[in-house]
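See structure below.
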Amino acid sequence: MNINVENRQNTVRLNEGFVDFIEEVVKCVLNFEEVNIECEIVILFVDDETIKEINFEHRGINRETDCLSFPMLYYEEGKVFKDQYKNFKFKDYDMNGENLLLGDIIVSLEKAQSQSLEFGHKFEREVSYLVIHSLLHLLGYDHIEEKDKKIMRCREKEIIKKLCIFR
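Per the working numbering, numbering of the sequence shown is gapless, rising by one per residue and ending at 172.
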(Lines of atoms letter the chains of each structure in order from A and count residues from 1; the text may use other names and numbers.)
(Lines give C-alpha, C1' and ligand atoms only; values in the text may rest on other atoms or scores of the structure.)
Protein backbone atom coordinates (compact mmCIF):
# COMPACT_ATOMS: atom_id res chain seq x y z
CA MET A 1 0.00 0.00 0.00
CA ASN A 2 1.38 3.37 -0.98
CA ILE A 3 -0.53 6.34 0.41
CA ASN A 4 1.38 9.47 -0.51
CA VAL A 5 0.12 12.47 1.49
CA GLU A 6 1.74 15.78 0.56
CA ASN A 7 1.11 19.07 2.35
CA ARG A 8 1.54 21.77 -0.32
CA GLN A 9 0.09 24.66 1.64
CA ASN A 10 1.16 26.77 4.60
CA THR A 11 -2.14 28.45 5.48
CA VAL A 12 -3.35 25.81 7.95
CA ARG A 13 -0.97 24.30 10.49
CA LEU A 14 -1.22 20.52 10.87
CA ASN A 15 -0.78 18.75 14.19
CA GLU A 16 1.91 16.12 14.53
CA GLY A 17 0.49 12.75 13.57
CA PHE A 18 -2.22 14.21 11.32
CA VAL A 19 -0.83 12.62 8.15
CA ASP A 20 -0.62 9.23 9.91
CA PHE A 21 -4.26 9.64 10.98
CA ILE A 22 -5.33 10.37 7.38
CA GLU A 23 -3.42 7.31 6.16
CA GLU A 24 -5.36 5.19 8.69
CA VAL A 25 -8.63 6.70 7.44
CA VAL A 26 -7.70 5.67 3.88
CA LYS A 27 -6.81 2.12 4.95
CA CYS A 28 -10.11 1.80 6.82
CA VAL A 29 -12.13 2.97 3.80
CA LEU A 30 -10.33 0.55 1.48
CA ASN A 31 -10.97 -2.29 3.91
CA PHE A 32 -14.61 -1.28 4.40
CA GLU A 33 -15.09 -1.17 0.62
CA GLU A 34 -13.49 -4.62 0.19
CA VAL A 35 -10.55 -3.43 -1.88
CA ASN A 36 -8.47 -6.61 -1.95
CA ILE A 37 -5.42 -5.32 -3.79
CA GLU A 38 -2.56 -3.08 -2.72
CA CYS A 39 -3.17 0.46 -3.99
CA GLU A 40 -1.34 3.69 -4.65
CA ILE A 41 -3.17 6.90 -3.78
CA VAL A 42 -1.90 10.47 -3.79
CA ILE A 43 -3.50 13.01 -1.44
CA LEU A 44 -2.50 16.65 -1.83
CA PHE A 45 -3.34 19.24 0.81
CA VAL A 46 -3.51 22.67 -0.82
CA ASP A 47 -4.87 26.17 -0.17
CA ASP A 48 -7.99 27.77 -1.67
CA GLU A 49 -6.13 29.54 -4.48
CA THR A 50 -4.47 26.33 -5.67
CA ILE A 51 -7.67 24.27 -5.65
CA LYS A 52 -9.47 27.11 -7.44
CA GLU A 53 -6.88 26.97 -10.25
CA ILE A 54 -7.16 23.18 -10.50
CA ASN A 55 -10.97 23.34 -10.41
CA PHE A 56 -10.94 25.80 -13.31
CA GLU A 57 -8.35 23.87 -15.29
CA HIS A 58 -10.14 20.51 -15.01
CA ARG A 59 -13.81 21.42 -14.58
CA GLY A 60 -14.11 24.94 -15.98
CA ILE A 61 -15.40 26.20 -12.62
CA ASN A 62 -13.61 29.37 -11.49
CA ARG A 63 -14.04 29.08 -7.71
CA GLU A 64 -12.53 27.17 -4.85
CA THR A 65 -14.02 23.89 -3.71
CA ASP A 66 -13.31 21.68 -0.73
CA CYS A 67 -12.01 18.61 -2.57
CA LEU A 68 -11.40 17.14 -6.00
CA SER A 69 -10.98 13.51 -7.03
CA PHE A 70 -9.20 12.15 -10.07
CA PRO A 71 -9.94 8.42 -10.41
CA MET A 72 -7.66 6.30 -12.57
CA LEU A 73 -10.21 3.53 -13.15
CA TYR A 74 -13.29 3.46 -15.36
CA TYR A 75 -16.57 2.38 -13.77
CA GLU A 76 -19.68 1.17 -15.54
CA GLU A 77 -22.79 3.09 -14.52
CA GLY A 78 -24.02 1.99 -11.11
CA LYS A 79 -20.90 -0.04 -10.34
CA VAL A 80 -18.31 0.57 -7.64
CA PHE A 81 -14.93 -1.07 -7.08
CA LYS A 82 -16.20 -4.13 -5.22
CA ASP A 83 -18.79 -4.78 -7.95
CA GLN A 84 -16.52 -4.32 -10.94
CA TYR A 85 -12.93 -4.96 -9.86
CA LYS A 86 -12.94 -7.20 -6.76
CA ASN A 87 -11.09 -10.14 -8.38
CA PHE A 88 -10.11 -8.38 -11.58
CA LYS A 89 -6.81 -9.09 -13.34
CA PHE A 90 -5.38 -5.60 -13.84
CA LYS A 91 -3.06 -4.72 -16.72
CA ASP A 92 0.52 -3.57 -16.16
CA TYR A 93 -0.44 0.00 -17.09
CA ASP A 94 -2.94 0.02 -14.18
CA MET A 95 -0.14 -0.74 -11.76
CA ASN A 96 2.92 0.88 -10.23
CA GLY A 97 4.87 -2.22 -9.31
CA GLU A 98 2.56 -4.21 -7.03
CA ASN A 99 0.22 -1.26 -6.37
CA LEU A 100 -2.94 -0.47 -8.31
CA LEU A 101 -3.00 3.20 -9.33
CA LEU A 102 -6.32 4.22 -7.77
CA GLY A 103 -6.11 7.98 -8.30
CA ASP A 104 -5.44 11.38 -6.78
CA ILE A 105 -7.28 13.40 -4.15
CA ILE A 106 -6.86 17.14 -3.61
CA VAL A 107 -8.19 18.77 -0.44
CA SER A 108 -8.19 22.49 0.36
CA LEU A 109 -7.28 22.64 4.04
CA GLU A 110 -8.25 26.31 4.04
CA LYS A 111 -11.77 25.40 2.88
CA ALA A 112 -11.90 22.45 5.28
CA GLN A 113 -11.03 24.75 8.16
CA SER A 114 -13.76 27.26 7.29
CA GLN A 115 -16.31 24.46 6.79
CA SER A 116 -15.44 22.89 10.13
CA LEU A 117 -16.20 26.22 11.81
CA GLU A 118 -19.38 26.67 9.76
CA PHE A 119 -20.66 23.16 10.56
CA GLY A 120 -19.53 23.26 14.19
CA HIS A 121 -17.20 20.29 14.25
CA LYS A 122 -13.50 19.55 14.50
CA PHE A 123 -11.09 20.27 11.67
CA GLU A 124 -9.88 16.65 11.74
CA ARG A 125 -13.45 15.43 11.26
CA GLU A 126 -13.96 17.72 8.25
CA VAL A 127 -10.73 16.66 6.54
CA SER A 128 -11.52 13.01 7.28
CA TYR A 129 -14.95 13.41 5.72
CA LEU A 130 -13.48 15.08 2.62
CA VAL A 131 -10.89 12.31 2.22
CA ILE A 132 -13.58 9.64 2.68
CA HIS A 133 -15.82 11.42 0.17
CA SER A 134 -13.00 11.75 -2.37
CA LEU A 135 -11.82 8.18 -1.88
CA LEU A 136 -15.35 6.92 -2.51
CA HIS A 137 -15.22 8.81 -5.82
CA LEU A 138 -11.99 6.95 -6.64
CA LEU A 139 -13.89 3.73 -5.89
CA GLY A 140 -16.72 4.54 -8.31
CA TYR A 141 -19.29 6.29 -6.11
CA ASP A 142 -20.97 9.45 -7.34
CA HIS A 143 -23.67 11.90 -6.29
CA ILE A 144 -24.94 13.43 -9.52
CA GLU A 145 -28.14 11.37 -9.56
CA GLU A 146 -30.28 11.46 -6.41
CA LYS A 147 -30.32 7.66 -6.04
CA ASP A 148 -26.52 7.55 -6.26
CA LYS A 149 -26.22 10.46 -3.83
CA LYS A 150 -28.25 8.55 -1.22
CA ILE A 151 -26.01 5.51 -1.58
CA MET A 152 -22.83 7.59 -1.33
CA ARG A 153 -24.03 9.60 1.69
CA CYS A 154 -25.01 6.36 3.43
CA ARG A 155 -21.53 4.91 2.85
CA GLU A 156 -19.90 8.11 4.12
CA LYS A 157 -21.97 7.98 7.32
CA GLU A 158 -21.22 4.28 7.86
CA ILE A 159 -17.48 4.86 7.48
CA ILE A 160 -17.45 7.95 9.75
CA LYS A 161 -19.32 5.92 12.39
CA LYS A 162 -16.98 2.95 12.01
CA LEU A 163 -13.98 5.25 12.48
CA CYS A 164 -15.62 6.87 15.54
CA ILE A 165 -15.02 10.34 14.10
CA PHE A 166 -17.51 12.61 15.77
CA ARG A 167 -18.19 16.31 15.72
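All C-beta atoms in this analysis are idealised placements derived from N, C-alpha and C, irrespective of residue type, glycine included. All figures in this text were calculated on a predicted structure; none of them were measured in a lab.
### Query
Quick one, are the C-beta atoms of residue 56 and residue 73 less than 8 Å apart?
With contacts defined by Cβ atoms closer than 8 Å, residue 56 and residue 73 form a contacting pair.
### Message
Judging by CA-CA distance, which residue of 43, 63, 76 and 9 is the nearest neighbour of residue 24?
### Response
It is 9 whose Cα lies nearest to the Cα of residue 24.
### Message
Please state whether the Cβ-Cβ distance between residue 164 and residue 111 is less than 8 Å.
### Response
Taking 8 Å as the Cβ cut-off, residue 164 and residue 111 do not qualify as a contacting pair.
### Query
Is any beta-carbon of chain B found at less than 8 Å from that of residue 92?
Structure shown: chain B not included; a single protein chain is present.
### Task
Closer than 6 Å by C-beta to residue 37: which residues in its own chain qualify, once you throw out the five before and the five after it? Chain order, please.
If you ignore the 5 residues before and after residue 37, its C-beta comes within less than 6 Å of the C-beta of 164, all in its own chain and listed in chain order.
### Query
Name the DSSP bridge partner or partners of residue 100?
Residue 100 is bridged to 105.
### Query
Is it buried or exposed for residue 181, if we count other Cβ within 10 angstroms and need 16 for buried?
Nothing about residue 181 can be reported from this structure: the residues present for the chain run from 6 to 172 only.
### Query
Going straight from the alpha carbon of residue 127 to that of residue 121, what length do you get?
Cα to Cα, the separation comes out at about 6 Å.
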